[in-house]
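To start, the structure itself, in structure tokens.
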Amino acid sequence: MSAAVTPSGTNPSHTDPSHADVERQIERFRRNFNVVREEVSRVIVGNEDNIVGIMTCLLARGHVLLEGIPGIGKTKLVQTLADVLHLKFSRIQFTPDLMPGDIIGSTVVRENDAGRKSMEFQRGPIFANLVLADEVNRATPKTQSALLEAMQENSVSAGGHTHPLEQPFFVLATMNPLEMEGTYPLPEAQLDRFFFKLKLGFPSADGLHEIIDRTTRQQEPHVDRVLDQGEVLEMRETARAVPVARPIQQYAIDITLATHPETERATQMARRFVRFGASPRGTQALILGAKVNALLNDRLHVACEDIRTVALNALRHRLLLNFDAEAERVDSDAILDDVLERVAEPR
Amino acid sequence: MTPEREAIGRALTRIERRLLLNHAVYAASLIAGLAVLALLTWRALRWIGESAPVAVALVTVPAIVCATGLMFLLLRFLLTREAGPARAAGEADTRAALKNELASAYWFLHAGARSEWIAAQLRRAAHTASRLEAARLIPLRLPLTSGAALAVAVAALAVLWFAPPLAPASALAQSGLLSAEEVAQVQALRELAEAVPDSEAARRLEAALRTLEDAAAPADAQRRALAQANDAVQQMRLEAASTRERLQRLSEALRGQVGMDQVAEALARGEAKAAAQLLAQLQAQAAQTARAETSKTEPAESAGDRGLEQALQEATAATGATDDAGAAELARQAAVDRLKEIARELEAAAVVNEAWQRVRGPQLTAGQPQGLSASRFAEQTGAPSTPSPGSGETPMEGGTMFRAAAVAEGDGRTEQEGGTRAGDALGDAPADPLLGTQGERLEAQLRKQGITGGEQDGDEDQEQNKSWYYAQSQQQKALARLRKVQAAGRFAAAEGEAGEGISIQHRQIVKDYFMNLREGAR
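Chains as they are written, first to last, in the numbering used here: chain A, 11 to 357; chain B, 4 to 525.
Below you can see the structure in the form of structure tokens.
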């Protein structure tokens, strides 16, 4: 806040019961969020932004796609988060021979004590709160689709029955960008199902020191379960309650439209390198991610800054680039940076 | 009205007023800038206008168009400028780094949205709004760029206001009828016309200059006027030379006379003023001597071209005779007056000569100079001026007259066939015309020498380098040749700078060029 604002006296809150309740919700949200972040940071070195990104996805009811080279802690990060959140966790290692039934489960014939046989649905590993889909691009598209359908519908259909998935249902898929042979890259339409795509970078020298110090001792760091299922669901509700003014919403829409080469609002770079721009799901992700970010910053309203903070994670996997971009090695992050620079805030 | 709405509304109203005030200041600065611009344009038009109407027209139309455009933009800016609480909220958010808090709050209020969260947000926003200080948030000051632009415009106006008006010759240059050299010549002639005393030649020069400075005069008339002006200057120079010659003859006549040696020396040096002073001293001395004696002689004839010498002779004679003292005094007085007049003429002649030096530069390149012909010089000096038959140069008193301007065109190839190239010493033979564009420029010849020399060397090298195993590519050959030519040029330049100014390899070319400068030499 600038010098044009005089120092605050007392905060005007806490006089109105409803207002106090809202303030308490925010306070609780921030405290829980920070506790989880700190707890995960006891095991995971660096990657603060990615921890926040994963938590944002969880609280915005989305799913996250993690991309990074092998051995930088993608799986460890998800496992640690599951430990911290006290949620039911399952891990699925995706391989080319993995079948949809291996994920969602299958109907088996069961014989009771009386010798009567009946069909019974055997739940697969997807029936968990936190699902780690490791190397999701190694499975066949059919298997991928089974996972992605469950992600979208929050339910599983098998044997003529629909089985709702327990909330919170949060999928963290990992993808290795190096070994592309024998993989099945996710189609753009399915990538769109992921709320955020996070890129895990290589740790710094100091970070590597810290990793070695933490992982080569007799005892590795231990994390406590600090958040239970109910608290996570409450935080989700809190995040959704944050109001968004129309001008801010317009800003998110302007950013989305600026990625569409066929629209008048498209930037020069988008016109040149983008085949298809971000989907409406992208705009939803912008707003929901911005709401979580606003709460983390102790705000009751969403600001344009929140939109910008989440824009790269929310939109980078939703842009379909053309051949020119491939040829000139222009990635979606560069295009989004350009869009964020050129789209003006509402005045 | 809820307290939150009231607090936010009050704060936004304050900010809105402040914004309007700021806009007013900005608009005032724009108007001031336009006014300065208009003044600047007006002054610039006046500054240029007297000498270049065409330029004025070229400036006037764009200036009017620009001014109209700026006025339109200003009006549009003032009329369409968004004002209101929404804009005030946006400005406050930006300036106080409130991260869209007030803009969101205003929208929630405006849209009538209701929820616990919105109420809480409004309460926070109201608290923030009540702490805003509009005066500190939106200070009344001009943007730095606007202030700087205004200051520059004012400075330019001040400079233009006190700038001297453009010389009419500039208008002549802008008219494009005369070349830059001719325009410079006209400027020098104008200065000359203002400096010389009134005479027939001066009046002719003035008339010619009036035509030259008339922007509406056609090109032919201007060129004719330029020639007339040059003629008039030539006439002035001739008159000045004639005056000097008279002084010389007077000096010779007075030399040997009793008491007149110093006067004669001063006249020989061309110092008429000094001679007049000396004569006045003699006059004073004679007046003292003759004070007691009676005067019987008649006054001398009025001073004229011929009367001056006669008056001095009489005055000289009177210095030895006391009975003729009155007449001698009068003669001396007339002589002193005439010498003063001659001194003024000589001063004017000095001005003419000085101006002529400036005029002559462009003329040498522009056309044929019409110098003092040998015959006229011989006529004025009364000295023999028989030229050398071989060189055409005439030895005469005080030096040698080089007769470059009086060389006659030979009709044949030899002297026996068509006579000598040197013209008649007493004739007014026209000068041999310069080759002009038919000749190859000296600079071009010098450069060509470097290149052709380089090519020959290159050919030799090629012959030497010819082998079964190696052959130069075209690029290598060209590069090697270019470097040789460049090296030759640099060598010649260095050699020229070190010694006499012309390198050894260029001397023959320079000599040939000047020897064959005229058509007759071809």
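From the three backbone atoms N, C-alpha and C, an ideal C-beta is built for every residue, glycine too.
What is the rounded straight-line gap between the Cα of residue i and the Cα of residue j?
i: residue 517 of chain B; j: residue 445 of chain B; result: 9 Å
i: residue 426 of chain B; j: residue 256 of chain B; result: Interpretation of residue 426 of chain B is limited by its pLDDT of 42, a score under 50 that renders its predicted location unreliable; the figure taken from the coordinates is listed afterwards. Those two C-alpha atoms are separated by around 33 Å.
i: residue 201 of chain A; j: residue 123 of chain B; result: 37 Å
i: residue 21 of chain B; j: residue 112 of chain B; result: 22 Å
i: residue 485 of chain B; j: residue 495 of chain B; result: 15 Å
i: residue 264 of chain B; j: residue 356 of chain B; result: 29 Å
i: residue 300 of chain B; j: residue 201 of chain B; result: Because the pLDDT of residue 300 of chain B is 45, which lies under 50, any placement of that residue in the model is unreliable, and the question is left without a value.
i: residue 529 of chain B; j: residue 203 of chain B; result: Here chain B covers residues 4 to 525 and nothing more, so residue 529 of chain B does not appear.
i: residue 417 of chain B; j: residue 514 of chain B; result: Only weak support exists for where residue 417 of chain B lies, its pLDDT of 48 falling under 50; the coordinates are left without a value.
i: residue 346 of chain B; j: residue 274 of chain B; result: 7 Å
i: residue 217 of chain A; j: residue 59 of chain A; result: 14 Å
i: residue 341 of chain A; j: residue 335 of chain A; result: 7 Å
i: residue 17 of chain B; j: residue 137 of chain B; result: 6 Å
i: residue 12 of chain B; j: residue 262 of chain A; result: 27 Å
i: residue 274 of chain A; j: residue 28 of chain B; result: 36 Å
i: residue 250 of chain B; j: residue 336 of chain B; result: 17 Å
i: residue 338 of chain A; j: residue 284 of chain A; result: 12 Å
i: residue 353 of chain A; j: residue 318 of chain A; result: 10 Å
Anything in chain A within Cβ reach of residue i, meaning under 9 Å, just list it in chain order.
i: residue 116 of chain B; result: 253, 255
i: residue 93 of chain B; result: 257, 355, 356, 357
Along the chain, where does the alpha helix (DSSP H) containing residue i start, and where does it finish?
i: residue 257 of chain A; result: 256–268
i: residue 87 of chain A; result: 84–95
i: residue 2 of chain B; result: Chain B is shown only over 4 to 525; residue 2 of chain B falls outside these bounds and no answer can be derived.
i: residue 88 of chain B; result: 88–98
i: residue 256 of chain B; result: 222–257
i: residue 77 of chain A; result: Where residue 77 of chain A is concerned, there is no enclosing alpha helix (DSSP H), although the beta strand (DSSP E) it sits in stretches over 74–77.
i: residue 290 of chain A; result: 290–306
i: residue 281 of chain A; result: 278–283
i: residue 109 of chain A; result: No alpha helix (DSSP H) contains residue 109 of chain A, which DSSP labels as neither H nor E.
i: residue 130 of chain B; result: 119–133
i: residue 60 of chain A; result: 58–69
i: residue 514 of chain B; result: 507–518
i: residue 109 of chain B; result: 104–114
i: residue 273 of chain A; result: Per DSSP, residue 273 of chain A belongs to no alpha helix (DSSP H) and is neither H nor E.
Looking at the strands, I want to know which residues DSSP matches up with residue i.
i: residue 133 of chain A; result: A:115
i: residue 121 of chain A; result: A:127
i: residue 347 of chain A; result: Answer is none; residue 347 of chain A lacks a bridge partner.
i: residue 185 of chain A; result: A:77
i: residue 201 of chain A; result: DSSP lists no partner for residue 201 of chain A.
i: residue 330 of chain A; result: A:286
i: residue 180 of chain A; result: A:140
Can you pull the chain B neighbours of residue i, defined as C-beta to C-beta under 7 Å?
i: residue 310 of chain A; result: 120, 123, 124, 127
i: residue 32 of chain A; result: 119, 120, 123
i: residue 258 of chain A; result: 103, 107
i: residue 29 of chain A; result: 122, 123, 126
Do residue j and residue i count as a contact pair if the criterion is CB distance below 7 Å?
i: residue 83 of chain A; j: residue 113 of chain A; result: no
i: residue 330 of chain A; j: residue 198 of chain A; result: yes
i: residue 96 of chain A; j: residue 235 of chain A; result: yes
i: residue 9 of chain A; j: residue 181 of chain A; result: Residue numbering for chain A in the displayed model covers 11 to 357; residue 9 of chain A lies beyond these limits and cannot be assessed.
i: residue 252 of chain A; j: residue 207 of chain A; result: no
i: residue 292 of chain A; j: residue 270 of chain A; result: no
i: residue 128 of chain B; j: residue 154 of chain B; result: no
Could you name the residues of chain A that residue i contacts, counting a contact when the two beta carbons are closer than 8 Å?
i: residue 90 of chain B; result: 357
The beta strand (DSSP E) that contains residue i, what's its start and end?
i: residue 103 of chain A; result: 99–103
i: residue 167 of chain A; result: 165–168
i: residue 238 of chain A; result: Per DSSP, residue 238 of chain A belongs to no beta strand (DSSP E) and is neither H nor E.
i: residue 172 of chain A; result: 171–174
i: residue 333 of chain A; result: Unbroken run through residue 333 of chain A is the alpha helix (DSSP H), 333–337; no beta strand (DSSP E).
i: residue 142 of chain A; result: 140–144
i: residue 209 of chain A; result: 206–209
In chain B, what lies closer than 9 Å to residue i by C-beta?
i: residue 315 of chain A; result: 102, 103
Closest Cβ-Cβ distance between residue i and chain E: below 7 Å?
i: residue 102 of chain A; result: Absence of chain E from the displayed structure is noted, the protein chains being A and B.
So which residues of chain A does residue i contact, with C-beta pairs closer than 7 Å?
i: residue 80 of chain B; result: Those do not exist, as residue 80 of chain B stays about 16 Å from chain A at its closest Cβ, beyond 7 Å.
i: residue 110 of chain B; result: 255, 256, 257
Can residue i be considered in contact with the ligand FMN, in the sense that its beta carbon sits closer than 6 Å to one or more heavy atoms?
i: residue 167 of chain A; result: Within the structure as shown, the ligand FMN is missing, as the structure has no ligands at all.
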